[in-house]
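**Q**
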Amino acid sequence: MYQQPVLKNRRTLLERAEKFISSIYFTDCNLRGRLYGDSCPLESLASLLSSKRITFTEASKQNFAPYKVGDTFGPTLTESCNVDLQGLTKEGEKTSYILSDCLKDEEPHSVTLYVEVACNGLFGAGQGSMIAAPDPNRMFSVQKAELVVFNQNVQELLTDFEILIDIVKELGEGEQRGYQALFTVNEMVNLCDPFDPSSFSKAHSLAHNFFRQRNGESQHTAHAMGHCHIDSAWLWPYEETIRKCGRSWVTVIRLMEKNPEFVFTCSQAQQFQWVKSWYPGLFTEIQHYVKKGQFIPVGGAWVEMDGNLPSGESMVRQFLEGQRFFNNEFGIHCKEVWIPRNVNMTRDDLYTFGYSAQLPQIMQGCGISNFLTQKLSWNLVNTFPHNTFFWEGLDGSKVLTHFPPGNSYEMKGKVEDLVKTVKNNKDKGRANHSAVLFGFGDGGGGPTQLMLDRLHRMQDTDGLPKVQMSSPEKLFSQLQADSALLCTWTGELFLELHNGTYTTQAQIKRGNRQCETLLHDIEIASSLALCRDRTFQYPVEKLQKLWRLLLLNQFHDVIPGSCIEMVVEDALRYYEDIRSDGATLLHDACGVLGSKGNTAGVFNSLPWERHEVIEIQDGAAKPNLEKAISDSCHGNQFVMFDDVPLYWDAWDVMDYHLQTRKPVLEVVQPAHVVSSGGLRGSVSVTLRISDKSTITQEIVMDAMCPYIKFNTEVIWAESHKFLKVEFPVRVRSANATYEIQFGHLQRPTHRNTSWDWARFEVWGHKWADLSEHNFGVALLNDCKYGYSVHNNTMTLSLLRAPKAPDVNADMGTHHFTYAIMPHTGSFQDASVIQCAYNLNFPLRSLQCASDTVPWSAFSVNSSAVILETIKQAEDRKSALVVRLFESHGSSVTATLCTTLPVREAWQ
Numbered sequence: 001m002y003q004q005p006v007l008k009n010r011r012t013l014l015e016r017a018e019k020f021i022s023s024i025y026f027t028d029c030n031l032r033g034r035l036y037g038d039s040c041p042l043e044s045l046a047s048l049l050s051s052k053r054i055t056f057t058e059a060s061k062q063n064f065a066p067y068k069v070g071d072t073f074g075p076t077l078t079e080s081c082n083v084d085l086q087g088l089t090k091e092g093e094k095t096s097y098i099l100s101d102c103l104k105d106e107e108p109h110s111v112t113l114y115v116e117v118a119c120n121g122l123f124g125a126g127q128g129s130m131i132a133a134p135d136p137n138r139m140f141s142v143q144k145a146e147l148v149v150f151n152q153n154v155q156e157l158l159t160d161f162e163i164l165i166d167i168v169k170e171l172g173e174g175e176q177r178g179y180q181a182l183f184t185v186n187e188m189v190n191l192c193d194p195f196d197p198s199s200f201s202k203a204h205s206l207a208h209n210f211f212r213q214r215n216g217e218s219q220h221t222a223h224a225m226g227h228c229h230i231d232s233a234w235l236w237p238y239e240e241t242i243r244k245c246g247r248s249w250v251t252v253i254r255l256m257e258k259n260p261e262f263v264f265t266c267s268q269a270q271q272f273q274w275v276k277s278w279y280p281g282l283f284t285e286i287q288h289y290v291k292k293g294q295f296i297p298v299g300g301a302w303v304e305m306d307g308n309l310p311s312g313e314s315m316v317r318q319f320l321e322g323q324r325f326f327n328n329e330f331g332i333h334c335k336e337v338w339i340p341r342n343v344n345m346t347r348d349d350l351y352t353f354g355y356s357a358q359l360p361q362i363m364q365g366c367g368i369s370n371f372l373t374q375k376l377s378w379n380l381v382n383t384f385p386h387n388t389f390f391w392e393g394l395d396g397s398k399v400l401t402h403f404p405p406g407n408s409y410e411m412k413g414k415v416e417d418l419v420k421t422v423k424n425n426k427d428k429g430r431a432n433h434s435a436v437l438f439g440f441g442d443g444g445g446g447p448t449q450l451m452l453d454r455l456h457r458m459q460d461t462d463g464l465p466k467v468q469m470s471s472p473e474k475l476f477s478q479l480q481a482d483s484a485l486l487c488t489w490t491g492e493l494f495l496e497l498h499n500g501t502y503t504t505q506a507q508i509k510r511g512n513r514q515c516e517t518l519l520h521d522i523e524i525a526s527s528l529a530l531c532r533d534r535t536f537q538y539p540v541e542k543l544q545k546l547w548r549l550l551l552l553n554q555f556h557d558v559i560p561g562s563c564i565e566m567v568v569e570d571a572l573r574y575y576e577d578i579r580s581d582g583a584t585l586l587h588d589a590c591g592v593l594g595s596k597g598n599t600a601g602v603f604n605s606l607p608w609e610r611h612e613v614i615e616i617q618d619g620a621a622k623p624n625l626e627k628a629i630s631d632s633c634h635g636n637q638f639v640m641f642d643d644v645p646l647y648w649d650a651w652d653v654m655d656y657h658l659q660t661r662k663p664v665l666e667v668v669q670p671a672h673v674v675s676s677g678g679l680r681g682s683v684s685v686t687l688r689i690s691d692k693s694t695i696t697q698e699i700v701m702d703a704m705c706p707y708i709k710f711n712t713e714v715i716w717a718e719s720h721k722f723l724k725v726e727f728p729v730r731v732r733s734a735n736a737t738y739e740i741q742f743g744h745l746q747r748p749t750h751r752n753t754s755w756d757w758a759r760f761e762v763w764g765h766k767w768a769d770l771s772e773h774n775f776g777v778a779l780l781n782d783c784k785y786g787y788s789v790h791n792n793t794m795t796l797s798l799l800r801a802p803k804a805p806d807v808n809a810d811m812g813t814h815h816f817t818y819a820i821m822p823h824t825g826s827f828q829d830a831s832v833i834q835c836a837y838n839l840n841f842p843l844r845s846l847q848c849a850s851d852t853v854p855w856s857a858f859s860v861n862s863s864a865v866i867l868e869t870i871k872q873a874e875d876r877k878s879a880l881v882v883r884l885f886e887s888h889g890s891s892v893t894a895t896l897c898t899t900l901p902v903r904e905a906w907q
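Numbering (UniProt numbering) for the sequence shown: 1 to 907.
(1) May I ask you to list the residues that DSSP assigns as paired with Val777?
(2) Per DSSP, Ser562 forms a beta bridge with which residues?
(3) Return yes when the Cβ of Leu687 is within less than 9 Å of the Cβ of Ile699, no when it is not.
(4) Tell me the DSSP bridge mates of Ala224?
(5) Going by C-alpha distance, which of Ser891, Asp105 and Met821 is nearest Gly743?
(6) With distances taken between CB atoms, is the gap from His227 to Gly441 smaller than 9 Å?
(7) Going by the beta-carbon positions, is the gap between Val881 and Lys871 smaller than 9 Å?
(8) With 16 as the cutoff for other CB atoms within 10 Å, does Leu103 come out buried or exposed?
(9) In angstroms, rounded to a whole number, what distance separates the CA positions of Pro539 and Leu900?
(10) Please state if the CB of Ile689 and the CB of Trp651 are separated by a distance shorter than 9 Å.
(11) Throw me the rounded Cβ distance for the Pro728 and Asn774 pair, which I believe falls under 8 Å.
(12) Give me the residue from Cys531, Phe283, Ala849 and Cys515 with the minimum Cα distance to Val902.
(13) Take the Cβ of Glu170 as the centre, count every other Cβ of all protein chains shown within 10 Å, and call the residue buried at 16 or more, exposed below.
(14) Using three-state DSSP, classify Arg347 as helix, strand or coil.
(15) Can you tell me whether DSSP reads Val275 as helix, strand or coil?
(16) Just the Cα atoms here: how many angstroms apart are Phe183 and Ala207?
(17) With C-beta atoms as the reference, is Leu35 less than 9 Å away from Gln155?
(18) Using the Cβ count rule (16 or more neighbours within 10 Å means buried), how would you classify Tyr818?
(19) According to DSSP, simplified to helix, strand and coil, what is Gly174?
(20) Answer yes or no: do Gln847 and Gly601 have a C-beta to C-beta separation smaller than 9 Å?
(21) As a quick exercise: from Pro802, Asn120, Val148 and Cys119, pick the residue whose alpha carbon is nearest that of Asp101.
(22) In its own chain, which residues sit with a C-beta less than 6 Å from the C-beta of Thr346, not counting the 5 before and 5 after it?
(23) Could you tell me whether the Cβ atoms of Glu93 and Gly445 are closer together than 9 Å?
(24) Helix, strand or coil for Gly312 per DSSP?
(25) Taking the beta strand (DSSP E) that Leu796 belongs to, which residues open and close that run?
(26) Which residues in the same chain as Arg747 place their Cβ atom closer than 7 Å to its Cβ, once the five residues preceding and following it in sequence are excluded?
(27) So, for Ile167: in the same chain, excluding its five sequence neighbours on each side, which residues have a beta-carbon less than 8 Å away from its beta-carbon?
(28) Can you have a look at His288 and say buried or exposed, based on whether 16 or more other CB atoms are within 10 angstroms of its CB?
(29) Give the secondary structure of Val762 by DSSP, where H, G and I count as helix, E and B as strand, and everything else as coil.
(30) Only counting the same chain, and skipping five residues up and downstream in sequence, which positions put a Cβ closer than 8 Å to that of Glu18?
(31) To the nearest angstrom, report how far apart Gly174 and Phe262 are at their CA atoms.
(32) In its own chain, which residues sit with a C-beta less than 7 Å from the C-beta of Ser23, not counting the 5 before and 5 after it?
(33) Report the rounded CA-to-CA distance for Leu77 versus Gln537, giving the unit in angstroms.
(34) Alpha carbon to alpha carbon, how far is Glu713 from Gly87? Give it in angstroms, no decimals.
(35) In chain order, what residues of the same chain have a beta carbon less than 6 Å from the beta carbon of Asn215, not counting five sequence neighbours either side?
(36) Tell me which same chain residues have a C-beta within less than 8 Å of the C-beta of Thr488, skipping the five on either side of it?
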């Protein structure tokens, strides 16, 4: 084949081939310079600016002003039209649109093309860096607008060259196949004359002969699936995501028209709902390709939620709303949780920043048996040991889990992606199949024709893994069939990064906890009202609307606080909508429960009797805090830390911040008694954090209450500081216990290993407990999620002050309550779990007659069992769903009692 043998120097031949397709060097005589042929100017350009989203019908009726290439427009305004053809981006592989494959003389030679333009980049409009707060004065312009002839035969040959060059580079000098690729691509340069298209076929034939040399049967198989991860909000607001979905998914549909084997996976029912509302024609096309098995909804959740902070009930509702939407619109039920995230980008989006140990049980309960994610590859300290394994939850539930070993959810179908997939696979010999997710994400348009062409050439080429266009069902079916040797990982999938997100944007976290509580109470009150009065209308549609707003805000860049200020404003507004509309629904339901009258009564939404300040009993138990705090130490000690991460400001708190501890000691107003005697005693004190920030606290002891409450107001105006409160307690234990969704887990209080050290800041929900035999201390809260228990010091994280991507993050006035609860015995025997519920679920006041007899609809005979939810069953007006969970970590037989008339029951 090689007629003129010469010294085959690897470096010179490789660089020769690279320059032959370079877009920078020798474009006057290389192949890349022939990609475009003749060009002609556009007849005219015109523009329309709008400060809000408008439909194409509205936009087309407006007056468009003349525009010249290079003219600026903005700032941060959006001109919105309908998306019918294809998405375009400033860079990457979506910078052009093919108007016609072959323009015939009889076809129209004039066309009006509408292009939607948003005044932001793919990743927002950060000032100075990608994650910086948006630049409000940034202007934009169109840099190029040309009509040219696109030479498809040149593109085909460029793809051949690119793949062969990448094989040379990726396989390296130690592989014979790499040298075969080198000599082939060199001979292609010899045969190809960029100015003579008739020479292209000979070069293409050489490449074709190389690619058709097949693999052996034992070669690893890459399951290629198109993907376009789009954050529902992040460096752009929710509204901009609607446009991103439209332009990306219409591009996918156009590709499916030309490539019937192409498969695309897409998560987040909320985004489908947006497209259905804004782009109904596109949604109809999506439904068509879902039926054909090419456009595959995945994940089964309303949004790609955070995996740590939402409550257990919220996680159930994520899947309930997502699965019902997919079933109603597409007739499908998702079998996998889908939370990819990219490690090759500076940060990217995986479902979330770690995964709760309770997720496997919740998934199994929702009919989901498989889990795909990428995020754990971001670990800062320890390398997670598996790519394919069984993940076991708190109750022993297992789900088949796959981390694509290519460590990216937006691959480009390149040789590098396939080689990484094989080399990085930590389960070689146990799993011989992996996912390859390809496509531009976050609004970049998804997969491209070029990616499909690359993968087609490499589908069965010696030296590379086999490639097959696949689906999640095919991948997991193959992994399950070959699962005999797979390992099991038990417990949480803790991400050793982004643990500042347990605290950032405290108002969002407070809104989440309060709205979860409110919706819980509305559903219980409405269910009981329905049983008391058959004329009562259970607010199905209104509750669904409020739940969907709450679930949307649980997206993995919103509830963690890693979003721009515009998103924060939207989220807080949604919480206010839930509070306002929810208060009306709760009032209506309680109006049915309480008989007419002017006597004050209360509605208790929890399944146990509560003795709080409105109850009077003798022998009130007082918490003995003095016995709980270590000698020579101060409880309730506020401390400040410097909080400057390496890069991800809102996301990360680094371990070195612990070396900067400074107690808050300056007293502005000394402790003074606010109330004494009777049912409540309280003391107030004000401390100065700095000349900008203060803490005012009311310390409350109530009769019959086993904990001391700290009602706290913080005026916060710091920069890159971290406020915590410490309780050095008189307890020694190797492990602390933290509440998670529908249960609890233990984490070490020591730092023996790197895995222990990496948990210097962890998450939990309403309580954490540190106990030794027969004594312990619990730390409760009403809206916080960040904890640390090291040795005997229990710490609750209160406020951070990052400056990116929201320069005003957490600035302002904050209100929150935490409590300290010393107890004898175990936390289970001391009712710590019930006390944390009491702190978070207030008794709701209502009006009733003076002779009203207290009544209870449900009770459980075991303190280990929590009645979490009572709601109307979906699509069954005469049935209630009652959700319970075992909270102690034990096996128990319990009896659920009710005063309601019951015809039949199901489990």
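In this text, a Cβ means the ideal position worked out from N, Cα and C, and glycines have one as well. Keep in mind it's a predicted model, so treat the numbers as computed, not measured.
**A** Let's see:
(1) According to DSSP, which records beta bridges pairwise, Val777 is partnered with Leu770 and Pro822.
(2) DSSP output for Ser562 lists no bridge partner at all.
(3) No.
(4) For Ala224, DSSP records a beta bridge to Val436 and Met469.
(5) Of the candidates Ser891, Asp105 and Met821, the one whose C-alpha sits nearest the C-alpha of Gly743 is Ser891.
(6) Note that the C-beta distance between His227 and Gly441 is below 9 Å.
(7) Yes, the pair counts as a contact, with Cβ atoms nearer than the cut-off.
(8) By the 10 Å Cβ count, Leu103 comes out exposed.
(9) If you draw a straight line from the Cα of Pro539 to the Cα of Leu900, it comes to about 20 Å.
(10) In this structure, Ile689 does not lie closer than 9 Å to Trp651 by Cβ.
(11) In this structure Pro728 does not touch Asn774 by the C-beta definition: roughly 20 Å separates them, more than the 8 Å allowed.
(12) Comparing C-alpha distances from Val902 to each of Cys531, Phe283, Ala849 and Cys515 shows the shortest one belongs to Cys531.
(13) Buried.
(14) The predicted model places Arg347 with a pLDDT of 31, which falls under 50 and marks its position as unreliable, so this point remains unresolved.
(15) Here Val275 carries a helix assignment [DSSP, helix/strand/coil].
(16) Using only the alpha carbons, I get a separation of about 11 Å.
(17) The Cβ-Cβ distance between Leu35 and Gln155 falls below 9 Å.
(18) That one is buried.
(19) Coil, per DSSP.
(20) Inclusion of Gln847 and Gly601 in the CB contact set at 9 Å is warranted, their separation being smaller than that value.
(21) The shortest Cα separation from Asp101 among Pro802, Asn120, Val148 and Cys119 belongs to Val148.
(22) Because Thr346 sits at a pLDDT of 32, beneath the cut-off of 50, its placement in the model cannot be relied upon, and the following sentence gives the value as read from the coordinates. Scanning its chain for C-beta atoms nearer than 6 Å, with the 5 sequence neighbours on each side dropped, one finds no residue around Thr346.
(23) A contact, by the Cβ cut-off of 9 Å.
(24) Judged by DSSP in its simplified three-state form, Gly312 adopts helix.
(25) Residues Thr793 to Arg800.
(26) The beta carbon of Arg747 sits closer than 7 Å to those of Asn735, Ala736, Tyr738, Arg759 and Val762, all from its chain and outside the five residues before and after it, given in chain order.
(27) So the qualifying residues of the chain are Arg177, Gly178, Ala181, Val415, Gly463 and Leu464.
(28) By the 10 Å Cβ count, His288 comes out exposed.
(29) Look at Val762 here: in three-state DSSP terms it is strand.
(30) Within the same chain, Glu18 has close Cβ partners Ile165.
(31) Taking the straight line from one Cα to the other gives about 34 Å.
(32) Only Arg32 meet the Cβ criterion.
(33) Confidence is the limiting factor: at Leu77 the pLDDT is only 40, short of 50, which leaves the residue's position unreliable, though a coordinate-based value still follows. Rounded to the nearest whole angstrom, the CA to CA distance from Leu77 to Gln537 is 43 Å.
(34) Approximately 48 Å between the Cα atoms of the pair.
(35) Cβ neighbours of Asn215 beyond the five flanking positions: Asp460, Asp462 and Lys466.
(36) Phe389, Phe390, Trp391, Glu392 and Lys398, listed in sequence order.
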